[in-house]
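Participant: Take 0 as the starting number for the sequence shown in numbering that gives the first Met the number 0 and just add one per residue.
So that we are looking at the same thing, I have put the structure below in structure tokens.
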Amino acid sequence: MINEQAIKPRKKLPLILQYFIAFQCGIYIGSSLIPDAIIGVGYIILSALIVFFAFMGNTKKFFALVPFLIYSEIYARSNVHFIIYLWAQYVLLISFLLLLLKQGTVIKFRSRAFVFILMYSFIELVDSFRTSQPDFARVAVINSLLLFSVTFWSATNQVGLSLLNSFLDNLKLAGVYLVGIVGAAHVSGHIDYVSHSSSAATNGLPPVQISGYLGTAAILFFLSIVNEFERKNLIVNTVLFVMSTTLMLLSFSRGGLYFLVIIVILYFLFNWKKAGNYLMLVILIPIGFLIYNYVITTTNGRIAERYEQQGASGRDELVQVGWTIFLSDPVAGIGTGNFSKEIVKRQLYTVESGAHNEFVRAAAEHGILGIVTYWGFYVALFAEVMMRKGVARSFSLFFFVLFCLIIVHNGMKISVQPMLLLFVVAVPFLPKIADKKHVQNYHEQPV
């Protein structure tokens with residue numbers, strides 16, 4: 000079993016300087032000051048290091064680098080032509096398989112929910128032999144296998160609280176790096192906003208996926224703002240929350256805002272008795288108005304038109320279409336990856352489209368077996384989360400809800416999604432440290 004060892008913390012750069020460097024790196028890349036070929040080579044080197052540290056069983060360095068692989072993914076997909084679409088997923092899948100091999104044969108299970116996603120992965124694989132769309136089927140199978148590998152590793156390893164906090168800190172750093180990439184478009188020139196999501200405001204990157212990435216970053220900074228152990232970094236976290244939220248809104252994809260609002264509401268529902276949170280609410284309300292006024296002014300009111308539009312950009316119709324297919328083929332479904340072709344073939348939708356919702360896709364493509372295994376995974380995981388107590392339950396629930404919201408809005412399109420399960424499945428522990436003067440570095444604070 001891989002246990003994190005208590006190591007004397009090394010001196011780090013001041014937090015504000017770390018964020019500044021991450022932001023500037025994003026600005027340089029987003030401004031095309033660094034050739035995409037060099038960025039691609041750097042991305043491959045980063046991937047190799049991640050696989051190497053997984054092979055060595057060095058979880059500390061592995062989880063320190065993974066956030067930058069994740070948050071560089073969307074730029075590499077869009078601009079580096081020799082990076083394949085599923086590169087990050089392949090790297091993560093190989094890495095977690097290596098980590099699982101390193102842990103040996105003596106296994107202690109801390110979660111049983113992985114059994115459902117294991118069965119679902121097997122169904123996805125078997126049903127891929129019925130596909131008429133091998134590329135779509137491959138994406139589905141790899142993502143399902145990655146979900147299983149992350150869940151199984153998290154369920155069978157003791158994960159130190161310091162490791163989770165380090166991973167969380169680097170996710171925020173990587174989020175600021177992406178803020179810089181997207182922000183470069185706003186620094187370098189005028190953007191013509193329209194009343195629908197557009198890549199002009201996201202520096203040529205897919206708006207829906209950017210909304211998911213930046214929405215996740217905004218949520219992480221929100222959780223840092225309300226974390227009493229991070230009061231000394233309140234100003235820095237607040238500024239970065241404003242930046243990530245503003246750019247998320249300017250993508251004109253509504254998903255990120257929905258994610259953020261739901262997590263904020265959940266947080267205050269779980270923590271309404273804490274007096275300090277009312278002060279945080281007093282701070283956050285005017286910040287919200289400042290962001291609102293800025294985006295309204297910047298977009299000449301187009302952002303308001305966007306949120307006044309009815310419907311869910313066709314997602315609600317696709318849910319109905321998917322359910323219709325399930326009712327037509329409830330036993331075996333239509334096969335892995337066939338959703339987009341089948342909806343046109345059956346004249347249920349006018350154009351080919353993915354389901355944008357993994358719950359719907361599982362039901363349509365795999366029938367009742369898909370519902371039992373895929374939906375069952377989340378039911379079992381939710382039950383386990385709700386059996387926990389205190390901070391462990393509330394924060395696991397936040398990340399569980401965020402994960403489900405993203406797969407309902409985006410499907411499985413960004414590699415940050417499976418990694419969120421680490422915060423849901425893993426139950427952190429505090430290592431026994433002989434040198435008490437270092438205990439403060441591992442204090443039991445919210446992840």
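Virtual Cβ for every residue (Gly too), placed ideally from N, Cα, C.
Please read all numbers here as calculations on a predicted model, not as lab measurements.
(1) Residue 15 and residue 320 - do their beta-carbons sit closer together than 9 angstroms?
(2) According to DSSP, is residue 159 helix, strand or coil?
(3) Would a C-beta distance cut-off of 9 angstroms place residue 71 and residue 186 closer than the cut-off?
(4) By the three-class DSSP mapping on this structure, what secondary structure does residue 379 have?
(5) Would you call the stretch 394 to 402 and the stretch 225 to 239 in contact, with 3 or more CB pairs under 8 angstroms?
(6) Apart from the five residues on each side of it in sequence, which residues of its chain come closer than 8 angstroms, Cβ to Cβ, to residue 299?
(7) Check whether the Cβ atoms of residue 178 and residue 246 sit closer than 9 angstroms, and answer yes or no.
(8) If I measure Cβ to Cβ from residue 84 and keep anything under 8 angstroms in the same chain, skipping five residues before and after, which residues do I get?
(9) State the DSSP-derived secondary structure class of residue 351, mapped to helix, strand or coil.
(10) Would you call the CB atoms of residue 196 and residue 129 closer than 9 angstroms?
(11) Which runs of the alpha helix (DSSP H), 4 residues or longer, sit entirely within the stretch 230 to 302?
(12) Identify, in the order they occur along the chain, each residue of the same chain with its Cβ nearer than 6 angstroms to the Cβ of residue 447, setting aside the five sequence neighbours on each side.
(13) Indicate whether residue 516 and residue 69 have their beta-carbon atoms separated by less than 9 angstroms.
(14) Short of 6 angstroms in beta carbon distance, which residues of its chain neighbour residue 22, apart from the five on each side in sequence? Order them along the chain.
(15) If you drop the 5 nearest sequence neighbours on each side, which residues of the same chain put their C-beta closer than 7 angstroms to that of residue 415?
(16) Quick check on the burial criterion: 16 or more other C-beta atoms within 10 angstroms. Buried or exposed for residue 502?
(17) Where does residue 112 sit, in a helix, a strand or coil, going by DSSP?
(18) Please report the straight-line C-alpha distance between residue 109 and residue 200, rounded to a whole angstrom.
(19) Roughly how many whole angstroms lie between the Cα atoms of residue 172 and residue 339?
(20) Does the contact criterion of 3 or more C-beta pairs under 8 angstroms hold for the stretch 153 to 171 versus the stretch 349 to 361?
(21) Please list the terminal residues of the continuous alpha helix (DSSP H) segment that includes residue 320.
(22) Under DSSP, the alpha helix (DSSP H) around residue 89 begins and ends at which residues?
(23) Note down, one range per segment and in chain order, each alpha helix (DSSP H) of at least 4 residues found wholly within the stretch 29 to 79.
(24) Less than 9 angstroms separating the beta-carbons of residue 361 and residue 373?
(25) For residue 423, which residues in the same chain have their Cβ closer than 6 angstroms to its Cβ, ignoring the five residues on either side in sequence?
(26) Out of 45, 103, 122 and 53, which one is the CA nearest neighbour of residue 331?
(27) Since residue 379 and residue 163 are thought to touch, with beta carbons under 8 angstroms apart, how far apart are those beta carbons, to the nearest angstrom?
(28) Cα separation between residue 32 and residue 170?
(29) Where does the unbroken alpha helix (DSSP H) through residue 212 begin, and where does it stop?
(30) Note down, in chain order, each residue of its chain lying with its Cβ closer than 6 angstroms to the Cβ of residue 351, except the 5 sequence neighbours on either side.
(31) How close, in whole Å, do the beta carbons of residue 181 and residue 218 come, if the pair is a contact with beta carbons under 8 angstroms?
(32) My understanding is that residue 145 touches residue 92, with C-beta atoms under 8 angstroms, so please give their C-beta distance in whole angstroms.
(33) Got a sec? Which residues, its chain only, sit under 8 angstroms from residue 303 by beta carbon, not counting five neighbours each side?
(34) Considering only their Cβ atoms, is the gap separating residue 248 from residue 286 smaller than 9 angstroms?
(35) Residue 409 and residue 207 look like a contact to me (Cβ under 8 angstroms); what is the Cβ gap, rounded to whole Å?
(36) Using the three-state DSSP reduction, which class does residue 107 fall into: helix, strand or coil?
Facilitator: Result, derived from the coordinates:
(1) Not a contact, by the Cβ cut-off of 9 angstroms.
(2) Reduced to three states, the DSSP call for residue 159 is strand.
(3) Not a contact, by the Cβ cut-off of 9 angstroms.
(4) The answer is helix: DSSP assigns residue 379 an H, G or I state.
(5) Proximity of the stretch 394 to 402 to the stretch 225 to 239 falls short of the contact definition, fewer than three beta-carbon pairs being nearer than 8 angstroms.
(6) Here the set comprises 192.
(7) Their beta carbons are under 9 angstroms apart, which means residue 178 touches residue 246 by this criterion.
(8) The answer, listed in chain order, is 76 and 138.
(9) Coil at residue 351, not helix or strand.
(10) The criterion of a C-beta distance shorter than 9 angstroms is not satisfied by residue 196 and residue 129.
(11) The DSSP assignment places complete alpha helix (DSSP H) segments of no fewer than 4 residues inside the stretch 230 to 302 at 233 to 249, 254 to 269 and 274 to 297, in order along the chain.
(12) Not covered by the structure: residue 447. The range shown for the chain is 0 to 446.
(13) With the chain covering only 0 through 446, there is no way to say anything about residue 516.
(14) So the qualifying residues of the chain are 175 and 179.
(15) Result list for residue 415: 69, 212 and 215, in chain order.
(16) With the chain covering 0 to 446 only, the question about residue 502 has no answer from this structure.
(17) Here residue 112 sits in coil by DSSP.
(18) Spanning the two alpha carbons is a distance of roughly 43 angstroms.
(19) Rounded to the nearest angstrom, the two C-alpha atoms are 36 angstroms apart.
(20) A contact is defined here as three or more CB-CB pairs under 8 angstroms, and the stretch 153 to 171 fails this definition with respect to the stretch 349 to 361.
(21) Unbroken alpha helix (DSSP H) run through residue 320: 314 to 327.
(22) Note, residue 89: alpha helix (DSSP H), 86 to 101.
(23) The stretch 29 to 79 contains these whole alpha helix (DSSP H) runs: 35 to 55 and 58 to 78.
(24) Result yes, Cβ atoms of residue 361 and residue 373 sit closer than 9 angstroms.
(25) Sequence-distant partners of residue 423 (beyond 5 residues in either direction) whose C-beta falls short of 6 angstroms from its own C-beta, in its chain, are 395, 398 and 399.
(26) With respect to the C-alpha of residue 331, the residue from 45, 103, 122 and 53 having the closest C-alpha is 122.
(27) Contact flag wrong, Cβ pair sits at about 22 angstroms.
(28) Their Cα atoms are separated by approximately 24 angstroms.
(29) Per DSSP, residue 212 belongs to the alpha helix (DSSP H) from 206 to 224.
(30) The residues are 339 and 343.
(31) So it is not a contact: roughly 17 angstroms between Cβ atoms.
(32) About 5 angstroms separates the two Cβ atoms, so the contact holds.
(33) Answer for residue 303: 295, listed in chain order.
(34) Result no, Cβ atoms of residue 286 and residue 248 do not sit closer than 9 angstroms.
(35) With 8 angstroms as the limit, residue 409 and residue 207 qualify as a contact, their Cβ atoms being about 6 angstroms apart.
(36) In the structure shown, residue 107 sits in coil (DSSP, three-state: anything other than H, G, I, E or B).
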